[in-house]
Amino acid sequence: MKKCILITGTPGTGKTKYAKDLVDEIGNDYEYVDVSAVIRIKGLSEFHDEAKECDVVDEEKLVKELISRIESSSNKLVIDSHMIILPCEYVEKCIIMKCSIDELRKRLELRKYSEDKVRENLDCEIFDVCLSEAKEKGYPIEIIWTSEKKENKSD
């Protein structure tokens, strides 16, 4: 069975930069997949939630689309997403991007997120939502810090 490398974390922690750099570094047999672009291109958003300032995604259709891409690609996929939705058997490794709360706040404010959206994302980082969900799925996990000098570790 083909598997992917999943790069995940709270918005603003450095997923996209890390995923693109990883693909550039490891070479031609790997392909970057931006899940936000897949959602947009394939029309997988059910509606826009004004209160949360985000699109609500049909996760079942998205999982089917991602599995189809993993299985049909001649390359190994490096998937960039804050959503932890793929079945464990399709994930070779899940890299969780982490960031200090102060640095994350700065990054989110630079994106012009509302204070409510900043707070929601900071809460996700504080409570390790992505890490908890990845552990629940049973993914092999590696943690990478994009701020402060922290030791990278595997769980």
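Take -3 as the starting number for the sequence shown in my numbering and just add one per residue. From the three backbone atoms N, C-alpha and C, an ideal C-beta is built for every residue, glycine too.
- When beta bridges are read from the DSSP output, TYR14 appears opposite no residue.
- MET93 is positioned such that its CB atom lies closer than 8 Å to that of ILE140.
- Sixteen is the threshold: since fewer than 16 other Cβ atoms of the shown chains lie within 10 Å of the Cβ of SER110, the residue is exposed.
- If you draw a straight line from the Cα of ILE122 to the Cα of ILE97, it is about 7 Å long.
- Secondary structure in the stretch 46 to 111: the beta strand (DSSP E) runs of 3 residues or longer, each lying completely within the stretch, are 50 to 53, 72 to 76 and 87 to 94 in chain order.
- Per DSSP, reduced to three states, the secondary structure at LEU2 is strand.
- Runs of the alpha helix (DSSP H) lying entirely within the stretch 18 to 48 and spanning at least 4 residues, in chain order: 31 to 38.
- Shown here, ASP124 sits in coil according to DSSP, grouped into three states, outside any helix or strand.
- Looking only at GLY134, ARG101, GLU132 and GLU88, the smallest Cα-Cα distance to THR6 is reached by ARG101.
- Comparing C-alpha distances from SER64 to each of ILE137, VAL29 and ARG107 shows the shortest one belongs to VAL29.
- Spatial neighbours of SER143 in its own chain (CB-CB distance under 6 Å, excluding positions within 5 residues in sequence) are listed in chain order as CYS95, SER96 and GLU99.
- Contact check for ASN117 and LEU104: beta-carbon distance about 6 Å, within the 8 Å limit, so the pair qualifies.
- Its chain contains LEU2, THR4, ALA130, TYR135, PRO136 and ILE137 as the residues whose beta carbon lies nearer than 7 Å to that of CYS90, once the 5 sequence neighbours on both sides are disregarded; these appear in chain order.
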